[in-house]
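Visitor:
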Ligand SMILES: Cc1cc2nc3c(=O)[nH]c(=O)nc-3n(C[C@H](O)[C@H](O)[C@H](O)COP(=O)(O)O)c2cc1C
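Numbering (my numbering), first residue to last: 995 to 1348.
Okay, structure coming up:
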């Protein structure tokens, strides 16, 4: 079935039910090799030029699924078969939690954007660890995106991240620290130098796996650069720019809670990425996320300094074909620019590289 038809059907349901239906299909489809092969044959795209090694890990392409799509690690195999070059599960927390009151996920159809106030609804570390154990090590790099429970006060937040690092150090290739969701009260207050210093010290004592910091888009360029520089000084292996935005001036259709994602944040996200990349390209791995829905946009971020890119909202609006489209467009643009491998394009437009 073409996604256009499927989307018509899915969009008849409220967004969270639609997500649940998609998850049901991807989770169960992932149990059968012949279905995975079928998905892969139809959707995935291979090209030598897109392959790179980062952190000693092989990435078949630079496109990953953004955090929060696969909160409970139920769709790893199917998402890989669809063509993502790396997978991310979470954000999950030590204890299971239901997340915020529903409705908490909204479509802004005209704007090809979403607004969500999910609040780290997840099954908790134990259930997720049991599931990931069956899939790890995985053939594509696997990221664990970790957060704190809503009931954990910020003074004790470090403990939550410590527990999850302990429990998942042998169940992922990379960690992402999420202190940038707008949907857990005061979580973003942890985006400060003291917490960054403490969390990297704590996690680095437990694991040698690469650790990435994911930041919010709602801060000045200067603050973002300071925050990312602080993470670099404290041993981060990379930064993901960025999470959803609480800049409700981006549309008159926004609710006054939850984070915006998709086309509405493309410009904001790109500008913030550019500002940070111009300072930090070459010093750490940079990952761009926010409003990417085509290969040209992804390639621009790569030339600005992104080694990897991530999508969430365009996957909902455009369907699985967006993965192949983005990857094949990047490959075409690389060829057009005379590059034989993606690594030659990364950061060519970053200020420091010129
Ligand atoms: C419904 C929804 C849930 C999300 N949950 C998480 C999450 O749990 N952890 C996280 O790091 N990011 C989460 N995000 C943010 C995305 O990973 C991404 O950073 C953001 O949506 C911007 O990318 P996009 O414009 O391609 O969607 C969520 C986004 C959406 C739309």
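Cβ coordinates follow ideal geometry from the N, Cα and C atoms, glycine included.
What are the start and end residues of the alpha helix (DSSP H) that includes residue 1267?
Guide: 1260-1274 is the span of the alpha helix (DSSP H), which, as asked, contains residue 1267.
Visitor: Per DSSP, what are the beta-bridge partners of residue 1303 in this structure?
Guide: Beta-bridge pairing links residue 1303 to 1057 and 1282.
Visitor: Could you give the distance in angstroms between the alpha-carbon of residue 1013 and the alpha-carbon of residue 1157?
Guide: Near 29 Å, if we compare the C-alpha coordinates of residue 1157 and residue 1013.
Visitor: When the Cα of residue 1040 is compared with those of 1069, 1007 and 1054, which residue comes out closest?
Guide: Ranking the options by Cα distance to residue 1040, first place goes to 1054.
Visitor: How many Å lie between residue 1114 and residue 1332 at the Cα?
Guide: Spanning the two alpha carbons is a distance of roughly 43 Å.
Visitor: Does the separation of the CB atoms of residue 1042 and residue 1096 fall below 8 Å?
Guide: Contact flag unset, no.
Visitor: Give me whichever residues DSSP pairs with residue 1086 in a beta bridge.
Guide: 1140.
Visitor: DSSP three-state call for residue 1168: helix, strand or coil?
Guide: Of the three classes helix, strand and coil, the one that applies to residue 1168 here is strand, per DSSP.
Visitor: Put residue 1130 into one of helix, strand or coil per three-state DSSP.
Guide: Coil.
Visitor: Determine, using beta-carbon pairs with one atom in the stretch 1085-1099 and one in the stretch 1233-1250, whether at least three such pairs fall under 8 Å.
Guide: Counting Cβ pairs under 8 Å, fewer than three are found: no touch.
Visitor: DSSP state of residue 1330, grouped into three classes?
Guide: In this structure, residue 1330 counts as helix in the three-state DSSP scheme.
Visitor: Mind checking which residues open and close the alpha helix (DSSP H) that includes residue 1289?
Guide: Taken as a continuous stretch (DSSP letters only), the alpha helix (DSSP H) holding residue 1289 covers 1289-1298.
Visitor: Pick from 1290, 1284, 1267 and 1319: whose alpha carbon is nearest that of residue 1344?
Guide: The residue with the shortest Cα to Cα distance from residue 1344 is 1267.
Visitor: Tell me which same chain residues have a C-beta within less than 8 Å of the C-beta of residue 1171, skipping the five on either side of it?
Guide: Taken in chain order, the residues that qualify are 1140, 1155, 1193, 1197, 1205, 1206, 1207 and 1208.
Visitor: Can the beta-carbon of residue 1065 be found closer than 8 Å to that of residue 1024?
Guide: No. Outside cutoff.
Visitor: Helix, strand or coil, according to DSSP, for residue 1206 in the structure here?
Guide: It is a strand residue.
Visitor: So, helix, strand or coil for residue 1098, using DSSP?
Guide: Reduced to three states, the DSSP call for residue 1098 is coil.
Visitor: Is it true that the CB of residue 1187 sits closer than 8 Å to the CB of residue 1224?
Guide: Cβ distance < 8 Å, so residue 1224 and residue 1187 count as in contact.
Visitor: So the candidates are 1015, 1021 and 1325; which of them puts its Cα closest to the Cα of residue 1045?
Guide: The residue with the shortest Cα to Cα distance from residue 1045 is 1325.
Visitor: Which of the three DSSP states is assigned to residue 1155 in this structure?
Guide: Note: residue 1155 maps to helix in three-state DSSP.
Visitor: Suppose you measure from the CA of residue 1118 to the CA of residue 1306; what does that come to, to the nearest Å?
Guide: C-alpha separation (whole angstroms): 22 Å.
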